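These notes concern the structure reproduced below.
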Amino acid sequence: MYCFALHIVALVSNGYDNMKCIIHDNATLSWWLIKKMQNIDKMNIWHPFTVQKQYQDNVNIVSGDGAILVDQDGHEYIDLVSSWWCNLHGHSNKEIAEAIYSQAQNLEHVIFAGYTHNPAISLTDNILHHMPTTLNRVFFSDNGSTSVEVAMKVAFQYHRNLGDNRRDRFIAFNGGYHGDTFGAMSVSAQSGYHNLFAPMLCKCEYFDYPYITDKNVGNIAEIENEILHQLDVYLSKNSNYVVGLIIEPIIQGASGMRICRPEFIDRLLHLCRSHNIITICDEIMVGFYRTGQMFAVDHLSEYPDIICLSKGLTGGFLPLGMTIVSDYIYAAFYSSDINKTFLHGHTYTGNPISCAAANKSYEILMRDITKESIIHLSNFIKDNFVLLGIIPFVTNIRSFGCIGAFDITKPELVNDIIAKLKAKGLLMRPLCGTTLYWMPPYCITNEQLNQSFSVLTDTLKMFV
Ligand SMILES: *Cc1c(COP(=O)(O)O)cnc(C)c1O
Numbered sequence: 083m084y085c086f087a088l089h090i091v092a093l094v095s096n097g098y099d100n101m102k103c104i105i106h107d108n109a110t111l112s113w114w115l116i117k118k119m120q121n122i123d124k125m126n127i128w129h130p131f132t133v134q135k136q137y138q139d140n141v142n143i144v145s146g147d148g149a150i151l152v153d154q155d156g157h158e159y160i161d162l163v164s165s166w167w168c169n170l171h172g173h174s175n176k177e178i179a180e181a182i183y184s185q186a187q188n189l190e191h192v193i194f195a196g197y198t199h200n201p202a203i204s205l206t207d208n209i210l211h212h213m214p215t216t217l218n219r220v221f222f223s224d225n226g227s228t229s230v231e232v233a234m235k236v237a238f239q240y241h242r243n244l245g246d247n248r249r250d251r252f253i254a255f256n257g258g259y260h261g262d263t264f265g266a267m268s269v270s271a272q273s274g275y276h277n278l279f280a281p282m283l284c285k286c287e288y289f290d291y292p293y294i295t296d297k298n299v300g301n302i303a304e305i306e307n308e309i310l311h312q313l314d315v316y317l318s319k320n321s322n323y324v325v326g327l328i329i330e331p332i333i334q335g336a337s338g339m340r341i342c343r344p345e346f347i348d349r350l351l352h353l354c355r356s357h358n359i360i361t362i363c364d365e366i367m368v369g370f371y372r373t374g375q376m377f378a379v380d381h382l383s384e385y386p387d388i389i390c391l392s393k394g395l396t397g398g399f400l401p402l403g404m405t406i407v408s409d410y411i412y413a414a415f416y417s418s419d420i421n422k423t424f425l426h427g428h429t430y431t432g433n434p435i436s437c438a439a440a441n442k443s444y445e446i447l448m449r450d451i452t453k454e455s456i457i458h459l460s461n462f463i464k465d466n467f468v469l470l471g472i473i474p475f476v477t478n479i480r481s482f483g484c485i486g487a488f489d490i491t492k493p494e495l496v497n498d499i500i501a502k503l504k505a506k507g508l509l510m511r512p513l514c515g516t517t518l519y520w521m522p523p524y525c526i527t528n529e530q531l532n533q534s535f536s537v538l539t540d541t542l543k544m545f546v
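Position 383, counted from 1, in the sequence shown is what the numbering used here calls 465; the numbers after and before it change by one each time, with no gaps.
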């Protein structure tokens, strides 16, 4: 009776304090409270990348364990997208949770100018261990977009610091996605996400990304040659006006898991070097073994001048960005002149708790058992995704490392397919309205993989 009365109070008053009071009063949420929470979500929260007028009740996730997420009704979902590509070792990983807890008890944050701390130093050491000796200067920030902003601003100021004031544009790729802030949008304008903002963006020249499809696979080498030729022609005339080039190495994520050949990226970096163009590889999605190697650039023989990291950096626990800069670029900032200083920083730069999570995630990543899971996962995807070819509306089946994707030739089916998969406990989310993909955490079990694949196959068959 007492409980029931409190629920009524909460419903009627719309007061947050009353609601908290009920949560303390009764750990299991009542129907009333669930409705109330749902209503706040609907009326007061603006969700990302969401068509607001098509609002459907969001699934309220209350816990996670490994590759599994659990909603408030107790339904389980296998997280096949690593919660936007960041989770590596599973949800609520105990070791990372412990590392965060003990760091928080010791030092939660400290100003990163004039002060430093061991979690950031260790993380720098861990990551640079995988870089050539020339890529050795790390700038910390908060997320993927900020790591790209830092890369772009460093590249721009590098030329100014050397007295070269002509350079006013970047080179990027059609379909490339580097984040949602203004600088990042300026080099992602052809990704389909940012068209509206075109008048507000800085200058950028776009070239095609030679991603492989069923149709072009036979002449992909010619397509690559043509793009490199066009770029060579452009640079021969305009290289003095170019700040730098940015690319997602091997896989363009947001525009639909579009895969190109590593050879192309290698030749591209080589071409840029011959024209003295700064190259930036955005490894925000592909880093940390998504491609089967620690970094996508590990598939290459050339290295870029700047690398951007985020997403998997903390194992998916906390936001953190890292921009790794070559020593020759840093040298242009090494001066006692304030005008040559990189006057940039975010409040939470190098946050110790994020760094502690990243260090623990790194430690787990380096274990043999994790490497074995990564190999198993990439083999599973490679061997099984091709079997989806029996479904008439499935095309362009592709995979690289731990990422598998395919396109649906009947886009009108995609929302219904995703809804069915969700009802059957698979968390998948389409890209660009036609691409479905998997990028699960490495800890996903063989049983979960088999179950996911049979649910996926059965569901697709229902729509034939
Ligand atoms: C997600 C992503 C970004 C942006 O990262 P945020 O943390 O979302 O700002 C940039 N580049 C690539 C390749 C990404 O996948």
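Positions of the beta carbon are idealized from the N, C-alpha and C atoms, including for glycine. Quick caveat: nothing in here was measured; it's all calculated off a predicted structure.
Closer than 7 Å by C-beta to residue i: which residues in its own chain qualify, once you throw out the five before and the five after it? Chain order, please.
{"i": "S443", "result": "L170, H171, I178, T396 and G397"}
{"i": "H428", "result": "S223, D224 and T228"}
{"i": "Y137", "result": "K124"}
{"i": "S273", "result": "G257, G258, Y259, A336 and S337"}
When DSSP labels each residue in this structure, what does residue i get in the three-state scheme?
{"i": "R372", "result": "coil"}
{"i": "I329", "result": "strand"}
{"i": "L170", "result": "coil"}
{"i": "R251", "result": "strand"}
{"i": "N528", "result": "helix"}
{"i": "V230", "result": "helix"}
{"i": "N497", "result": "helix"}
{"i": "S481", "result": "strand"}
{"i": "W128", "result": "coil"}
{"i": "Y259", "result": "coil"}
{"i": "P245", "result": "This sequence places Gly at residue 245; Pro is not what is there. Coil."}
{"i": "Q154", "result": "coil"}
{"i": "F222", "result": "strand"}
{"i": "F289", "result": "strand"}
{"i": "E308", "result": "helix"}
{"i": "M404", "result": "strand"}
{"i": "C103", "result": "With a pLDDT of 42 at C103, under the threshold of 50, the predicted position of this residue should be treated as unreliable, though the coordinate-derived value follows. In the structure shown, C103 sits in a helix (DSSP, three-state: H, G or I)."}
{"i": "F415", "result": "coil"}
{"i": "N108", "result": "Bear in mind that a pLDDT of 46 at N108, under 50, signals an unreliable position, so the model cannot answer this."}
{"i": "V299", "result": "helix"}
{"i": "R573", "result": "Residue numbering for the chain in the displayed model covers 83 to 546; residue 573 lies beyond these limits and cannot be assessed."}
{"i": "C363", "result": "strand"}
{"i": "I446", "result": "helix"}
{"i": "D540", "result": "helix"}
{"i": "Q138", "result": "coil"}
{"i": "A195", "result": "coil"}
{"i": "I473", "result": "coil"}
{"i": "A149", "result": "coil"}
{"i": "I143", "result": "strand"}
{"i": "Y385", "result": "coil"}
{"i": "F377", "result": "coil"}
Ignore the nearest five residues each way along the sequence and tell me which others in residue i's own chain have a CB closer than 6 Å to its CB.
{"i": "L189", "result": "P434"}
{"i": "L151", "result": "I143, Y159 and D161"}
{"i": "I105", "result": "Because the pLDDT of I105 is 49, which lies under 50, any placement of that residue in the model is unreliable, and the number read from its coordinates should be weighed accordingly. Excluding positions up to five away in sequence, the list is empty."}
{"i": "T361", "result": "L327, L351, C354, P386 and D387"}
{"i": "A202", "result": "G432 and C437"}
Kindly list the residues whose CB is nearer than 8 Å to the CB of residue i, restricted to its own chain and excluding five residues on each side of it in sequence; keep chain order.
{"i": "I209", "result": "V220, L391, M404, I406 and Y444"}
{"i": "D147", "result": "G172, H173 and S174"}
{"i": "Q134", "result": "W128"}
{"i": "H191", "result": "Y430, N433, P434 and I435"}
{"i": "I116", "result": "N142 and Q154"}
Between the Cα of residue i and those of the options, spot the shortest distance and give me the residue it belongs to.
{"i": "E494", "options": "V546, L283 and A186", "result": "V546"}
{"i": "G374", "options": "I388, V496 and I333", "result": "I333"}
{"i": "Q154", "options": "K135, H199, H352 and I143", "result": "I143"}
{"i": "Y259", "options": "I305, L310, I457 and E365", "result": "E365"}
{"i": "N461", "options": "T215, P214, N277 and G486", "result": "G486"}
{"i": "G471", "options": "S455, I457 and F488", "result": "F488"}
{"i": "T423", "options": "W114, N243, F377 and L531", "result": "N243"}
{"i": "W520", "options": "A149, W128 and L115", "result": "A149"}
{"i": "H311", "options": "M544, A195 and F289", "result": "F289"}
{"i": "D262", "options": "S534, A271 and S356", "result": "A271"}
{"i": "R248", "options": "I305, Y240 and I446", "result": "Y240"}
{"i": "C286", "options": "Q533, I253 and D207", "result": "I253"}
{"i": "L569", "options": "G265, I473 and I193", "result": "Residue numbering for the chain in the displayed model covers 83 to 546; residue 569 lies beyond these limits and cannot be assessed."}
{"i": "F475", "options": "I499, S455, I463 and F482", "result": "I499"}
{"i": "Q120", "options": "M510, N140 and Y291", "result": "N140"}
{"i": "V324", "options": "D314, P331 and E330", "result": "D314"}
{"i": "P523", "options": "A195, W113, I456 and N307", "result": "I456"}
{"i": "D250", "options": "N532, N320, N441 and M367", "result": "N320"}
- Is the stretch 524-544 close to the stretch 498-509, with three or more CB pairs under 8 Å? Proximity of the stretch 524-544 to the stretch 498-509 meets the contact definition, three or more beta-carbon pairs being nearer than 8 Å.
- Using 8 Å as the threshold, is the stretch 229-242 in touch with the stretch 462-470, meaning 3 or more CB pairs across them? Because the criterion of three Cβ pairs below 8 Å is not met, the stretch 229-242 and the stretch 462-470 do not touch.
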